[in-house]
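What follows is a short report on a single structure.
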Amino acid sequence: MEEIREFVRKTAEYFATKTPKEVTFADADYYDYEIFEKNKEWNKLSPYKTFQEEFPYFDQLWDELAEWDVEDEWTRERAELIITKAKKALEAFKD
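First residue of the sequence shown? That's 590 in our numbering, and the numbers climb one at a time after it.
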């Protein structure tokens, strides 16, 4: 489970340190799938807390990544929202 926690932290850090122009659909698509896989793995290993309960801010970031469709245009607002949610998720690790 520690490996999954580290993945969550590194992914949040990855997006939190980007500028809006650096946030791309390719990143969103890649990490949406990777997070999906870690979610399944966590939920198999943890009988007490779901992935969403353990990482609520990261789950919000995941929602944003998952909602970005290949046909959607890039917008600064979406990129900024992804960065903001990533920063919140990263901040949760410091608590």
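Ideal Cβ placement from N, Cα and C applies to all residues, glycine included.
Quick caveat, the model's predicted, so the values are computed rather than measured.
Go ahead and label residue i buried or exposed: buried means 16 or more other beta carbons lie within 10 angstroms of its beta carbon, across all protein chains shown.
i, result
"residue 634", "exposed"
"residue 600", "buried"
"residue 663", "exposed"
"residue 678", "buried"
Cα-Cα, which of the options is closest to residue i?
i, options, result
"residue 654", "660, 620, 682, 664", "620"
"residue 630", "597, 610, 671, 646", "597"
"residue 590", "637, 603, 659", "637"
"residue 618", "658, 672, 676", "658"
"residue 622", "652, 681, 668", "652"
"residue 667", "640, 602, 608", "608"
"residue 681", "615, 632, 656, 642", "642"
"residue 648", "671, 606, 592", "671"
"residue 661", "614, 644, 594, 606", "614"
"residue 669", "594, 606, 592", "606"
Would you grab the beta carbon distance between residue i and residue j for me? Rounded to a whole angstrom, and I think it's under 8 Å.
i, j, result
"residue 650", "residue 674", "4 Å"
"residue 612", "residue 604", "7 Å"
Alpha helix (DSSP H) segments (min. 4 residues) lying fully within the segment 610-642: Correct list: 614-634.
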